[in-house]
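**Student:** This structure is in structure tokens; I'll ask about it shortly.
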């Protein structure tokens, strides 16, 4: 294969109560990469479209580039040469898993290009190296759902144990990205190192309830479980008008609403597309009331993950 283009979806990580262990993929937005075979061994990022010149072009410093490099080293194909063009189709620092989508698109594309020497699930550690580069921690709650599709639970990192959970067909996600930026490293820095036993018990109940609600399915249980008593109260201060936007979502029929990843994007889950659209409009209006513009996306849970687009 001389050339291939792959789209990898954005993701919602944490999903309220599941800090660093829950994540799900959405239909849009996402990132795209085009790889072209080269006679010169190695990985080269020849262009990045949509990053306003902010991302490094050196492969070893780019999340897609490092994912491809570590993959080729693992399978013993350092003789392979590829030129990559990355299309950033979502805002940087948005809380939508932008770095993860790029890493997933890159490693999925090179695996397809070489005839799939590894099954998709075995690509996860290489995509995680992109996350390590982006934020200093090789966490999987964005890359796993982007790669595998659907709703994912990261049960353990040592050893890595990832479980894909079926979700109800009638479950729609609203994503609203206010036009501000939150640095992932900063959002992790402000978190407390210890939490109370009381809040730990509440959070464990919500984690179990959300999984049960998704699998039954029980929308009332999903709604009651989309509550974060540990991370959200701390990170909400980084998002102007957070409480007002969340209340607007709930008032317009959302099952629940919280921060997507480290923010500033927010997500809400609803039972139908019409409600999800109304929720998005209400949340956008809440931000606009203080002069903050935003982008909104509505989709079902993306159960496919990355896909070849050309």
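Residue numbers (our numbering): 2 to 311. Every residue, glycine too, gets a C-beta built ideally from N, C-alpha and C. Predicted model only: the values in this text are computed from it and were never measured.
Using C-beta distances below 7 Å, list every residue in its chain close to residue 56, excluding the 5 sequence neighbours before and after it, in chain order.
**Tutor:** Correct list, in chain order: 49, 63.
**Student:** Residues bridged to residue 26 by DSSP?
**Tutor:** Looking at the DSSP assignment, residue 26 forms a beta bridge with 12.
**Student:** Compute the distance between the beta-carbons of residue 135 and residue 148, then report whether it is under 9 Å.
**Tutor:** It is not a contact, given that the beta carbons lie outside the stated cut-off.
**Student:** On a CA-only basis, which of 103, 263, 85 is nearest residue 1? Give me that one, please.
**Tutor:** This structure cannot settle anything about residue 1, because the visible part of the chain is limited to 2 through 311.
**Student:** Starting from residue 171, trace the beta strand (DSSP E) in both directions and tell me its first and last residue.
**Tutor:** Taken as a continuous stretch (DSSP letters only), residue 171 belongs to no beta strand (DSSP E), as it is neither H nor E.
**Student:** Rounding to the nearest angstrom, what Cα-Cα distance links residue 267 and residue 158 in this structure?
**Tutor:** Approximately 26 Å between the Cα atoms of the pair.
**Student:** Are the beta-carbon atoms belonging to residue 122 and residue 141 less than 9 Å from one another?
**Tutor:** No; because the gap between Cβ atoms is not below 9 Å, this pair is not in contact.
**Student:** Are the Cβ atoms of residue 90 and residue 32 separated by less than 9 Å?
**Tutor:** Cβ atoms of residue 90 and residue 32: closer than 9 Å.
**Student:** Short check: CB of residue 151 to CB of residue 25, under 9 Å?
**Tutor:** Against a cut-off of 9 Å, the Cβ pair of residue 25 and residue 151 comes out as a contact.
**Student:** Report the residue from 245, 86, 257, 107 whose alpha carbon sits nearest the alpha carbon of residue 225.
**Tutor:** When only C-alpha atoms are compared, the closest one is 257.
**Student:** Note down, in chain order, each residue of its chain lying with its Cβ closer than 7 Å to the Cβ of residue 222, except the 5 sequence neighbours on either side.
**Tutor:** So the qualifying residues of the chain are 210, 213, 214.
**Student:** What's the C-alpha gap between residue 278 and residue 82?
**Tutor:** So the alpha carbons of these two residues sit roughly 44 Å apart.
**Student:** For my contact list, residue 116 and residue 68 are in at a C-beta cut-off of 8 Å; report their separation, rounded to the angstrom.
**Tutor:** Not confirmed; about 18 Å, so no contact.
**Student:** Per DSSP, what are the beta-bridge partners of residue 179 in this structure?
**Tutor:** According to DSSP, which records beta bridges pairwise, residue 179 is partnered with 295.
**Student:** Would the beta-carbon of residue 311 fall within 9 Å of that of residue 280?
**Tutor:** Their beta carbons are not under 9 Å apart, which means residue 311 does not touch residue 280 by this criterion.
**Student:** Taking the C-alpha atoms as reference points, what is the distance between residue 197 and residue 41?
**Tutor:** Approximately 56 Å, taken between the alpha carbons.
**Student:** What span of residues does the beta strand (DSSP E) with residue 43 cover, start to end?
**Tutor:** Where residue 43 is concerned, the enclosing beta strand (DSSP E) stretches over 43-50.
**Student:** Compare the C-alpha of residue 206 against each of 186, 187, 231, 191 and name the closest.
**Tutor:** The residue with the shortest Cα to Cα distance from residue 206 is 231.
**Student:** Along the chain, where does the alpha helix (DSSP H) containing residue 252 start, and where does it finish?
**Tutor:** Residues 243-252.
**Student:** Would you mind sorting residue 171 into buried or exposed? The rule is 16 or more other CB atoms within 10 Å of its CB.
**Tutor:** Residue 171 is exposed by the Cβ-count criterion.
**Student:** Are the beta-carbon atoms of residue 229 and residue 263 separated by less than 9 Å?
**Tutor:** Result no, Cβ atoms of residue 229 and residue 263 do not sit closer than 9 Å.
**Student:** I believe residue 45 touches residue 85 by the beta-carbon criterion, under 8 Å. Please report the beta-carbon distance rounded to the nearest angstrom.
**Tutor:** With a Cβ gap of about 7 Å, residue 45 and residue 85 count as contacting.
**Student:** Indicate whether residue 177 and residue 101 have their beta-carbon atoms separated by less than 9 Å.
**Tutor:** Contact flag unset, no.
**Student:** To the nearest angstrom, how far is the alpha carbon of residue 38 from that of residue 73?
**Tutor:** Rounded to whole angstroms, residue 38 to residue 73 spans 14 Å at the Cα level.
**Student:** Take the Cβ of residue 61 as the centre, count every other Cβ of all protein chains shown within 10 Å, and call the residue buried at 16 or more, exposed below.
**Tutor:** Answer is exposed; the Cβ neighbour count stays below 16.
**Student:** Report yes if the C-beta distance between residue 302 and residue 168 is below 9 Å; otherwise report no.
**Tutor:** Yes. Within cutoff.
**Student:** Mark residue 236 as exposed unless 16 or more other C-beta atoms lie within 10 angstroms of its C-beta, in which case mark it buried.
**Tutor:** It counts as buried.
**Student:** For residue 267, list the residues DSSP reports as bridge partners.
**Tutor:** Answer by DSSP bridge pairing, in chain order: 177, 260.
**Student:** Measure from the alpha carbon of residue 132 to the alpha carbon of each residue in 291, 186, 36, then state which is nearest.
**Tutor:** Measuring from the Cα of residue 132, the nearest candidate turns out to be 186.
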